[in-house]
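Protein chains in written order, with the working numbering: chain A, 2 to 326; chain H, 682 to 1137; chain R, 3 to 333.
The structure under discussion appears below in the form of structure tokens.
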Amino acid sequence: MAELTYREAVAAGIAQEMARDDRVVMLGEDIADAGGVFKTTVGLLERFGPRRVRDTPISEQAIVGAAMGAAMTGLIPIAEIMFSDFFAVCWDMIANEIAKARYMTAGQMALPLVIRTANGAGSRFGAQHSQSVENWAMAIPGLKVVAPATPADVKGLMAAAVRDPDPVIFFEHKGLFATKGEVPDGEHVDRLGTARVLRQGSDVTLVALAAMVPRALDAAERLDREHRISATVVDVRSLVPLDTQTILAEVTRTGRMYTVEENPRLCGWGAELVSIVAEERFYDLDGPIIRITTPHVPLPAADALEDHAVPTVARIVDTVVRTAG
Amino acid sequence: MDVVMPQLGETVREGTISAWRKQVGDPVGPDEPLFEVETDKVTVDVPAPAAGVLVEILVPVGERVEVGTRLAVIRVPGEAMFAMRGPGARVVTLSSARPTVPAMPVAIAEASPALDPPRTTGRITMPAIPTAIARAVGAELRLSPVVKRLIAEHHIDDPSVIPGTGAEGRITRDDVLAYVESRGAASGGGEPPAESLVPMSRIRQLTAEHMVRSLATSPHVLQAVEVDFHAVERLRGAAGEAFRAREGFSLSYLPFVARAVCQAIPEFPHVNASVRGDALVVHHRVHLGIAVDLDRQGLVVPVVKGAAGKTVRALAVEIHRLADRARRGQLAPDDLTEGTYTISNSGPFGTLITAPIIHQPQVAILSTDGVRKRPVVIERPAADGSAGGETSAGGETSAGGETSAGGETIDAIEIRPVGVLAQCFDHRAFDGAYSAAFLRRVREILEQANFEAELT
Amino acid sequence: MTSSSDIDGSTRFALYRSLLEIRVVEKRAYDLFLHNLVKGTSHLALGQEAVAAGFAVAMRPDDYTFCTYRGHHHTLARGAPMVGVLGELMGRKCGLMAGKGGSMHLTSVRHGVMGSYAIVGAHLPVAAGAAWSAQYRGTDQVAVCFFGDGTTNIGAFHEALNLAVVWKLPVIFVCENNLYMEYTPIASVTAVEHPAADRAAAYGLPRVIVDGNDADAVFRLARDTIAAARAGGGPALIEAKTYRHSGHSRADPAKYRPPGELEDWLRRDPVTLYRTRLLEAGISEAALRDVELATQGAVDAATEAAKASPPAPVEVVEQDVWSDGGSAWRN
């Protein structure tokens, strides 16, 4: 085991896979010489050379389009879109082209690519550089979507994403880059489509993703200590494929479900999970399912405003306390 | 009108004003909180007793005062500025002072576990009380999907027997599971059990507590009269079918008894009163409580408001309406409050006599029991010299042995519908003679009055 | 329009066969519309056959073709079976993509047809990526990317050209300028006269214009440009002047064309042009007739085979989202 930061784990996961397979190549803005604007690709140019780690112009459509062309002709490209907000600049490539190519060609095309990006709020970058858009990606058939919360999961899920024969959108959370965690030594490969139960409780189940996971854990701690409410915490980790069985099992155990979502209110990833639980576990619910989300607004820039908008530990605790009876 | 410190629990003697919700000059009403009281047991928001304007606050926040202390003054429309008591109540002073018993809704509020403080705040709020009342009268419980499923799976016929520990007394999943486990623990294995545990429903529990308290409060005396319902029966026979066709239900004895009671009360007003401290509060209006059995699952007493002015027909219609709503669990809390006298009708079961328990804070309750054909001795005038065996064709009779002018009377046996009316009264309020005279009057009315005009 | 001896006879025949096949299949596709056997929409390349034939014959089997929703001609020219093309148009099981893609997305990876793309400009970066892949793997494969004049005004065009030049990618960008961006004359919406050729300089590329209706001219240019790219010379941008005989799509009767324009271009029909050239080069009428009959017969046979093929089975609706053949998003 070694302690790595979340950002170090990104580079470590990519390096592990690039070392293993010559077909793995990288492209993106400022990823090579600069090691990435968030320092997530530090050392990769030095280790793997300019043929395999390429800086691009500011051309999101070309970055993602080239990744698609390379993937369909035998390479395994990892393309970076610097801020997930910029997906809006190249959604055609992701949603119309990559997501659909295999289906439209009846399986003739294979697209084993990874698009990785920095997602989420907390950096005071304002509305166009702070969004969480994993729910947009989730809504498009043909894309796999992961959003790890810990350094270990970053490395393991990155490896899994690179090895996955289908397109994977890999959402790193910029608010978590500096966090630290134990990462297994040696080759570490996780599995897409698996959620993790981080804390077992008996009264309510909190289901969270990415930066909301540590907040859910802190909230669970306070709920237990201050209110004698025992909370299970599930880290979803992978939106597509979705580990529905784990989530259903944990919600059934307590009968009460809360989602903690950074997306703005409408159509956040939790809405789909709530729908599944309401349909498949209705007769096990001991109370209404509650979603704890950012309100349906663009994110403000000022630190106090941004912090207020995204679900806080206090808001999670308060919501559960008010409604868990 | 005075606002006084209410009694929020039977043994609660004092309370502290923890907040005034209104300022002097604000309009107040019975549908919003006026002040908040803290006692040892509960913290409650209390509304104004009537709609009006708050004119004076007499007790500040934080002060601890005894029950009954004047806390504030409200000006009620139509009331003189400095009235000392509530409008229209005439006070009769008694020598003995007894603690007052809280009215039924408040008793429910105190007794119901639904008002145990929720986990975090320890506060009981006003909205919880209607919920508790609603639950007490069998209104629909809010059951979550898993609770409904478990109830069905475990064949729990009456979910209200399950103690609820969730918010506002909600039955949670764990509550059902705990109940099932305790139920299962009660039955042993092997031989058929010698006994089984039937948990009391909420209504049962509340009724039990109220009955015990009522007996402990009022010294009960039972008095009864036999009533010849001949006249009533004749009227029922004549007008009953038309009545049923018009109103959609049958005309029973009960509205006649209710009418007779209402007509007798003005002559004996103390039977329509409440004991308060060492005074008797005589109520000027008659709000007649009619005990309704809910399919032998419990008892509720909806109130016919303003019964004194109602004809037999109006009473019949209102009693029917309330009984119907009671059985469908649709009584509102207002339907259950402010009763001043109660009639309990066991008649349909053919009982001989019942000693009912007074519905606090009233001072009397009347039971009507079975009306059956019995042979009775009728004194008839001997005008035509015939003796015995003749029945007079529906003529007026008197049970008192009056003779017709100038003649002797002959004892004859006739078959008459006879029923017992039994009143239990609170011996603090009046004595046996008063009660007996009242009962005599009721009987007279039933046997002699012609209610034909009151059926349309 | 002179015959040239730098193109050998078999190549010429190959070109003519390709031109013919495209022409006959496209006309058949149009007939099948009228009989409601082809559903949805279809963008016919009647009149643009020479661009497809000229490049296809010049390409290696392992070179990559990328084209637009008006891509039947490129797909056929690379050797994709006619029954597969017609079957796809008719939504049959025998279709190239078993009915999953339709007319606008004809793909045959084994023939190097790496997709027909319906979002204008989307495939230009993709073609650049395929070229990058070839460059990375050192296979000297080349990507040839066909698109219309309208594409030159969309953002992805610019991004792809720029990246291709900066990374010196082996990709040939071929603009089939048929004078109309859907229903609008391209001249009225473009800042320059030659929508592709006049932009080449912006990327440091030479200005290249070719008569897109002359199969020989196209072939020559294709051969030379591809060779240069294959040798590591970087990308090229070519503007081929051509014309489409029908409307933008089936729905379009093309009334926006000025009178006489269609007639002028019909006089320059690439198929008849080439036939004349072959006769002038000494190929016999009989030989040409044989090819024509054979092509007609092949198209007829393919048509019947496609018609006989059952409709795509509904089971495929939930297949092939993922490489495991399925579409599951949850357990």
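Note that beta-carbon positions come from the ideal geometry of N, C-alpha and C, so glycine has one too.
Note that the structure is predicted; figures quoted are calculated from it, not measured.
Test: residue i CB closer than 9 Å to a CB of chain A
i	result
Ser776(H)	Residue placement at Ser776(H) is poorly supported in this model, since its pLDDT is 33, which falls under 50; the coordinates still yield a value, given next. Judged by the 9 Å Cβ criterion, Ser776(H) is not in contact with chain A.
Thr109(R)	yes
Ile228(R)	no
Asp142(R)	no
Ala859(H)	no
Gly327(R)	yes
Asn155(R)	no
Gln298(R)	no
Pro811(H)	In this prediction, Pro811(H) scores a pLDDT of 39, lower than 50, which makes its location untrustworthy; the coordinate-derived value is nonetheless stated afterwards. No, no contact with chain A.
Val316(R)	no
Ala753(H)	no
Met183(R)	no
Thr724(H)	no
Opposing strand residues paired with residue i [DSSP bridges]
i	result
Gln1104(H)	Gln904(H), Leu1047(H)
His174(A)	Asn120(A)
Leu980(H)	Asp974(H)
Glu81(A)	Arg117(A)
Glu1095(H)	Val1057(H)
Thr295(A)	Pro265(A)
Test: residue i CB closer than 9 Å to a CB of chain H
i	result
Tyr259(A)	no
Gly326(A)	yes
Gly37(A)	no
Gly108(A)	no
Gly256(A)	yes
Ile317(A)	no
Thr320(A)	no
Residue-level contact to chain R via CB, residue i, 9 Å cutoff
i	result
Thr57(A)	yes
Ala153(A)	no
Asp244(A)	yes
Arg197(A)	no
Tyr7(A)	no
Close beta carbons around residue i, own chain, < 7 Å, minus the five adjacent residues each side
i	result
Leu163(R)	Phe175, Tyr205, Leu239
Ala945(H)	Phe1119, Arg1122, Val1123, Ile1126
Leu975(H)	Gly819, Val981, Ala1007, Arg1008
Thr227(R)	Ile174, Ala238, Ile240
Ala770(H)	In this prediction, Ala770(H) scores a pLDDT of 38, lower than 50, which makes its location untrustworthy; no coordinate-derived value is stated.
8 Å Cβ shell around residue i - same chain, five flanking residues per side excluded
i	result
Arg316(A)	Ile293
Thr13(R)	Val59, Phe221
Ala179(A)	Thr6, Tyr7, Arg8
Gly42(R)	Gly104, Ser105
Own chain, CB closer than 6 Å to residue i, minus 5 neighbours either side, in chain order
i	result
Phe49(A)	Met19
His681(H)	Because residue 681(H) is not part of the residues shown, which for chain H are 682 to 1137, the question remains open.
Cys91(A)	Glu61, Gln62, Val65
Ala988(H)	Cys943, Val967, Leu969
Is the stretch 17 to 36 of chain A touching the stretch 207 to 217 of chain A, taking contact as three or more C-beta pairs under 8 Å? Contact fails: fewer than three Cβ-Cβ distances are below 8 Å.
Can you give me, in chain order, the residues of the stretch 71 to 93 of chain A that have a beta carbon less than 8 Å from any beta carbon in chain R? Going along the stretch 71 to 93 of chain A in chain order, one finds Ala71, Ala72, Met73, Thr74, Gly75, Leu76, Pro78, Asp93 with a Cβ nearer than 8 Å to chain R.
Are at least three pairs of beta-carbons, each pair with one atom in the stretch 63 to 77 of chain A and one in the stretch 127 to 143 of chain R, less than 8 Å apart? Judged by pairs of C-beta atoms under 8 Å, the stretch 63 to 77 of chain A touches the stretch 127 to 143 of chain R, as three or more such pairs exist.
Please list the residues of the stretch 158 to 180 of chain R that have a C-beta atom closer than 7 Å to any C-beta atom in chain A, keeping them in chain order. Taking 7 Å as the Cβ-Cβ cut-off against chain A, the residues of the stretch 158 to 180 of chain R that qualify are Ala158, Glu161, Ala162, Asn164, Leu165, Val168.
Closer than 8 Å, Cβ to Cβ, to anything on chain H: give me those residues from the stretch 281 to 313 of chain A, in chain order. Taking 8 Å as the Cβ-Cβ cut-off, the stretch 281 to 313 of chain A approaches chain H at Phe283, Tyr284, Asp285, Leu286, Asp287, Gly288, given in chain order.
Mind listing which residues of the stretch 823 to 842 of chain H have their C-beta closer than 8 Å to chain A's C-betas, in chain order? Here the close residues are Ser825, Pro826, Val827, Val828, Lys829, Arg830.
Meets three-Cβ-pair contact criterion under 8 Å: the stretch 970 to 990 of chain H and the stretch 1119 to 1135 of chain H: Verdict: no, contact absent.
Using Cβ-Cβ distances below 9 Å, what residues of the stretch 884 to 909 of chain H are close to chain A? Listed in sequence order: no entries.
Would you call the stretch 113 to 128 of chain R and the stretch 141 to 155 of chain R touching, i.e. three or more CB-CB distances under 8 Å? Contact check between the stretch 113 to 128 of chain R and the stretch 141 to 155 of chain R: three or more CB pairs, one atom from each, fall below 8 Å, which counts as touching.
Going along the stretch 120 to 131 of chain R in order, which residues come within less than 9 Å of chain A, judged by CB to CB distance? So the list reads Ala120, Ile121, Gly123, Ala124, His125, Leu126, Pro127, Val128, Ala129, Ala130, Gly131, given in the order they occur along the chain.
Mind the definition here: the stretch 181 to 195 of chain R touches the stretch 214 to 226 of chain R only if three or more C-beta pairs lie below 8 Å; say whether that holds. No, they do not touch.
May I ask you to verify whether the stretch 235 to 246 of chain A touches the stretch 144 to 155 of chain A, counting CB pairs closer than 8 Å and requiring at least 3? Judged by Cβ distances under 8 Å, the stretch 235 to 246 of chain A makes contact with the stretch 144 to 155 of chain A, as three or more pairs qualify.
Should the stretch 216 to 226 of chain A be called in touch with the stretch 114 to 127 of chain A, which here means at least 3 C-beta pairs below 8 Å? Segments in contact, no.
Output, in sequence order along the chain, the residues in the stretch 27 to 48 of chain R whose CB is closer than 9 Å to any CB in chain A. Of all residues in the stretch 27 to 48 of chain R, none has a Cβ within less than 9 Å of some Cβ in chain A.
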